[in-house]
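Colleague: Just so we're aligned, residue 1 is where the sequence shown starts under UniProt numbering, counting upward by one. Starting off with a structure, shown below.
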Amino acid sequence: MNKGKRPFGKILMILMILFFYLPIGYMIIFSFNDGKSLTSFTGFSLRWYRHMLESQDMMEALYTTFSIAILATFISTVVGTISAIGLSKSKKVIRNVMDQVNNLPMMNPEIVTAIGFMLLFITFKIEKGYMTMLLAHIAFCIPYVILSVMPKIRSLDPNLADAAMDLGATPWQALTKVIVPQITPGIVSGALIAFTMSVDDFIISYFVTGRGVKNLSIVVYTMSKRVNPSINAISTLVVVIITIVLVLINLAPILAAKSRKAETVGKRRRLLPAAAAVFAAAAVGICAVNLGGGGSNRPFEGQTLHIYNWGEYTGENIIGDFEEETGASVVMENFDSNEQMYIKVANGESYDILVPSDYMIQRLIEEDLLQKLDPEKITCMDLLADAVKGLPYDPENEYSVPYFWGTVGIVYDKNKVDLEDLEKEGFNIFLDEKYKGDVYLYDSERDSFMMALKALGYSMNTENEQELQEAYDWLVQCVETMDTEIVTDEIIDNMAQGRKALGLIYSGDASYVMAENPDMGYYMPESGTNLWSDAMVIPKNAKNPELAHAFINYASEYDGAYDNSSYVGYTSANQEVMDALSGEGGDYEGINAYIPRSDNENDEVFVYNEDTKKIISDLWSRVKIAASNAG
1 MNKGKRPFGK
11 ILMILMILFF
21 YLPIGYMIIF
31 SFNDGKSLTS
41 FTGFSLRWYR
51 HMLESQDMME
61 ALYTTFSIAI
71 LATFISTVVG
81 TISAIGLSKS
91 KKVIRNVMDQ
101 VNNLPMMNPE
111 IVTAIGFMLL
121 FITFKIEKGY
131 MTMLLAHIAF
141 CIPYVILSVM
151 PKIRSLDPNL
161 ADAAMDLGAT
171 PWQALTKVIV
181 PQITPGIVSG
191 ALIAFTMSVD
201 DFIISYFVTG
211 RGVKNLSIVV
221 YTMSKRVNPS
231 INAISTLVVV
241 IITIVLVLIN
251 LAPILAAKSR
261 KAETVGKRRR
271 LLPAAAAVFA
281 AAAVGICAVN
291 LGGGGSNRPF
301 EGQTLHIYNW
311 GEYTGENIIG
321 DFEEETGASV
331 VMENFDSNEQ
341 MYIKVANGES
351 YDILVPSDYM
361 IQRLIEEDLL
371 QKLDPEKITC
381 MDLLADAVKG
391 LPYDPENEYS
401 VPYFWGTVGI
411 VYDKNKVDLE
421 DLEKEGFNIF
431 LDEKYKGDVY
441 LYDSERDSFM
451 MALKALGYSM
461 NTENEQELQE
471 AYDWLVQCVE
481 TMDTEIVTDE
491 IIDNMAQGRK
501 ALGLIYSGDA
511 SYVMAENPDM
521 GYYMPESGTN
531 LWSDAMVIPK
541 NAKNPELAHA
551 FINYASEYDG
561 AYDNSSYVGY
571 TSANQEVMDA
581 LSGEGGDYEG
591 INAYIPRSDN
601 ENDEVFVYNE
611 DTKKIISDLW
621 SRVKIAASNA
631 G
């Protein structure tokens with residue numbers, strides 16, 4: 001009977017292994033993909049590994065990740081082990097209380113711990129960066145070490161140390177030569193857990209870092225907002241490093257056992273530092289960053305510019321070229337929503353340049369969080385397209401210089417969607433059951449409600465609650481009757497592969513989709529759409545406004561603007577760059593999504609209204625609940 005169950009157990013084990021390792025294998029395969037797609041393999045290439053090695057941001061993140069993990073592991077292991085030994089000699093009441101105290105950080109949701117650390121550092125006005133991330137990692141690793149070491153200590157004879165000292169050992173010798181060797185397996189286990197937790201952490205790191213310090217988790221998160229196969233390359237590199245370390249750790253006892261001179265106790269005691277040395281060698285060897293300096297006549301030599309921008313929203317060369325030309329260092333931090341950026345700025349965090357969207361710039365101006373630009377230092381305004389200047393949120397461009405701009409429209413598969421349907425129905429095509437199950441909605445409350453309001457013939461800036469309710473009903477009908485899939489930036493690669501008939505998308509993303517797949521089109525309904533723009537602004541508390549003005553000019557001039565737009569895919573505010581990229585031989589020749597529409601009176605720019613925003617946020621949450629119930 002037991003024999004009959006064994007094949008089932010083996011099959012289950014194989015399936016579990018496949019479940020865990022197939023995604024990793026898939027990632028490794030696509031790290032060698034020649035194309036930019038994350039889902040369609042077009043040929044073998046090392047281009048993304050070259051891109052990864054050339055990316056200072058990724059190499060610094062790799063170094064930060066492993067250096068912090070090694071330091072946090074070493075310190076937390078020492079502190080945790082000593083604490084566990086000390087607790088074992090304490091009174092039972094104290095041990096029980098400390099056990100509960102130790103368990104609390106492990107059971108606490110990470111987001112709560114992260115916010116707690118953030119508030120602690122803000123309260124004591126500690127500048128966030130490498131050290132704050134290291135301190136946070138040490139703090140959350142210590143409980144895991146204590147938890148691993150305590151069972152080994154409890155299994156020891158409580159009189160062991162006393163017996164050693166009766167035989168002539170000093171207290172230190174009793175600790176290091178008697179107690180520690182007996183609990184070494186628990187120490188090693190705790191160290192490995194601490195290392196894993198540190199390398200893996202995202203949420204706590206995200207809230208406690210600053211000044212451009214990022215670990216791999218943060219970098220991968222910001223990169224995942226856009227199509228960037230370098231994610232696969234750097235993730236594969238991490239898998240290789242961890243695999244090598246694990247192999248060495250497992251081989252170490254076997255190799256040590258064959259050595260006749262080494263004692264078994266000594267071998268075990270050297271295991272942890274040997275592993276740490278391997279980690280350090282791997283991190284330092286792979287992550288060394290070239291810090292070569294430039295000439296001495298550069299105007300901002302030795303100064304630092306702090307930029308807070310969207311993730312994957314900067315060209316490949318613009319930062320390095322600007323640093324080379326000016327002698328300054330640029331620290332780039334990334335956000336994934338205007339609201340996230342606003343929270344940091346409103347709480348007093350200092351940046352020299354922000355790149356918020358239109359409605360958020362309006363809010364920052366109203367709350368006196370921005371400083372006016374110096375017109376004598378801004379020399380780039382004549383280079384910009386007229387259509388992106390003088391917009392309602394900053395009619396005189398006193399506070400902002402446009403960075404990217406575009407529209408929101410419908411990306412569609414020309415083989416599946418009839419253009420006549422789009423022209424006839426506009427956004428109402430998202431209610432056409434001919435396309436049921438073949439539709440993407442973008443997970444953006446502003447743009448989803450824009451679509452619904454425009455489909456109903458209303459202004460997207462309406463403050464009328466009845467009109468907002470009608471838009472809500474329209475969206476609920478869409479998700480309940482059309483089997484709609486609500487997505488974020490995965491729509492980019494999915495539509496490039498033609499997985500759905502149509503979807504709501506930003507024009508810059510549509511440009512990439514159309515460049516990858518000529519069967520894709522982009523349509524903007526005549527009923528109007530969101531004419532959006534993101535712009536560079538200088539916060540009131542900027543520490544280096546002069547350098548900020550220099551970067552704004554550099555990013556707006558031809559070379560910087562071309563590098564930005566050709567790499568990211570969004571429309572440049574520089575008229576010459578826009579013409580070059582959309583003209584003959586340009587990257588986006590013949591792609592209508594790249595050129596924003598500026599002659600439709602129904603197109604609007606978002607206006608900030610706190611009360612309306614709260615209503616829309618609540619209604620959009622209910623739409624997503626309706627979508628999940630319908631699914």
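The C-beta atom is built at its ideal place from N, Cα and C for all residues, glycine as well. All of these numbers come straight from a predicted model, not from anything done at the bench.
1. Between G43 and E127, which are expected to be in contact by the criterion C-beta below 8 Å, what is the C-beta distance as a whole number of angstroms?
2. Nearest to L419 by alpha carbon, out of A501, P375 and V145?
3. Where are the beta strand (DSSP E) runs, 3 residues long or more, that stay fully inside the stretch 289-336, in chain order?
4. In whole angstroms, what separates the C-alpha of I82 from that of M131?
5. On the premise that T222 lies in contact with N334, defined as a C-beta separation below 8 Å, what is that separation, rounded to the nearest angstrom?
6. Could you please give the first and the last residue of the uninterrupted beta strand (DSSP E) stretch that includes G409?
7. Which one or two residues does DSSP pair with A535 in a beta bridge?
8. Roughly how many angstroms separate the alpha carbons of L46 and F32, rounded to a whole number?
9. Between A452 and M578, how many whole angstroms is the CB-CB distance? I'm expecting something under 8 Å.
10. Where does M520 fall in DSSP's three states?
11. Rounded to whole angstroms, what's the CA-CA distance from P37 to R154? Just pull it up for me.
12. Can you have a look at S621 and say buried or exposed, based on whether 16 or more other CB atoms are within 10 angstroms of its CB?
13. Tell me the rounded alpha-carbon separation between G293 and Y351.
14. Which stretch, first to last residue, makes up the alpha helix (DSSP H) that contains G80?
15. How would you label I486, buried or exposed, when you count the other beta carbons within 10 angstroms and need 16 or more for buried?
16. Between T462 and the rest of its own chain, which residues show a CB-CB distance below 7 Å, the 5 nearest in sequence each way excluded?
17. Count the other CB atoms, across all protein chains shown, that sit within 10 Å of the CB of A276; report buried if there are 16 or more and exposed otherwise.
18. Under 8 Å between the Cβ atoms of S230 and M27?
19. If you reduce the DSSP assignment to three classes, tell me which class N592 lands in.
20. For V439, write down the residues that DSSP places opposite it in a beta bridge.
21. Within its chain, find whatever has a CB closer than 8 Å to the CB of M520; leave out the 5 residues flanking it on each side and keep chain order.
22. May I ask you to list the residues that DSSP assigns as paired with N574?
23. In three-state DSSP terms, what is S598?
24. Return the Cβ separation of W405 and P596 in integer angstroms, given the expectation that the two are a contact with Cβ distance under 8 Å.
25. Tell me the residue span of the alpha helix (DSSP H) that contains E396.
26. Using DSSP bridges, identify the partner residues of F44.
27. Could you pull out every residue in the same chain whose Cβ sits closer than 6 Å to the Cβ of A69, ignoring the five residues on either side in sequence?
28. Does DSSP put V284 in a helix, in a strand, or in coil?
29. What did DSSP end up calling V355 once you bin it into helix, strand or coil?
30. Applying the criterion that 16 or more other CB atoms from any shown protein chain within 10 Å of the CB defines a buried residue, is K10 buried or exposed?
31. I'd like the span of the alpha helix (DSSP H) that includes I486, first residue to last.
32. Our contact map puts Q182 next to L147 with C-beta atoms below 8 Å; I'd like the distance itself, whole angstroms only.
33. Since V355 contacts M536 with CB under 8 Å, what's their CB separation in whole angstroms?
34. From K614 to M360, what distance separates their C-alpha atoms?
Modeller: For this structure:
1. The pair is not a contact, with the Cβ atoms about 47 Å apart (cut-off 8 Å).
2. Each of A501, P375 and V145 was checked against the Cα of L419, and the nearest Cα belongs to A501.
3. List check, beta strand (DSSP E) in window: 304-310 and 329-335.
4. I82 and M131: Cα-Cα distance of roughly 23 Å.
5. Contact holds; Cβ gap of about 4 Å.
6. From DSSP, the beta strand (DSSP E) with G409 extends over V408 to D413.
7. Answer is P402, bridged to A535.
8. In a straight line, the C-alpha of L46 is about 6 Å away from that of F32.
9. Going by Cβ atoms, the distance from A452 to M578 rounds to 30 Å, so no, they are not a contact pair.
10. Per DSSP, reduced to three states, the secondary structure at M520 is strand.
11. Before going further, note that residue 37 is Ser rather than Pro in the sequence given. One C-alpha to the other measures close to 54 Å.
12. Exposed.
13. Confidence at G293 is low in this model, with a pLDDT of 42, below 50, so its placement is unreliable and no value can be given for it.
14. Annotation: the continuous alpha helix (DSSP H) that includes G80 extends over Q56 to S88.
15. I486 sits buried, since 16 or more C-beta atoms from the chains shown fall within 10 Å of its C-beta.
16. Within the same chain, T462 has close Cβ partners L453 and L468.
17. Low per-residue confidence applies at A276: pLDDT is 48, beneath 50, and the placement is therefore not dependable enough to give any value.
18. No. Outside cutoff.
19. DSSP places N592 in helix when its eight states are reduced to three.
20. Assignment of beta-bridge partners to V439 by DSSP yields L502.
21. For M520, where only same-chain residues beyond five positions count, the Cβ hits under 8 Å are V411, Y412, D413, K414, M495, A496, G498, A510, V513 and M514.
22. Per the DSSP secondary-structure output, N574 pairs in a beta bridge with L384.
23. Note: S598 maps to coil in three-state DSSP.
24. Indeed they touch by this definition, with Cβ atoms about 6 Å apart.
25. Element bounds for E396: n/a, residue is neither H nor E.
26. According to DSSP, F44 shares a beta bridge with N33.
27. Taking A69 as the centre and dropping the five residues before and after it, the same chain places the C-beta of F195, S198 and V199 closer than 6 Å to its C-beta, in chain order.
28. Confidence at V284 is low in this model, with a pLDDT of 47, below 50, so its placement is unreliable and the value that follows should be read with caution. Three-state DSSP puts V284 in a helix.
29. Coil, per DSSP.
30. Exposed: under 16 other Cβ atoms inside 10 Å.
31. Here I486 belongs to no alpha helix (DSSP H); instead the beta strand (DSSP E) covers E485 to V487.
32. About 18 Å; that fails the 8 Å criterion.
33. Their Cβ separation, rounded to whole angstroms, is 6 Å, which keeps V355 and M536 in contact under 8 Å.
34. Rounded to the nearest angstrom, the two C-alpha atoms are 15 Å apart.
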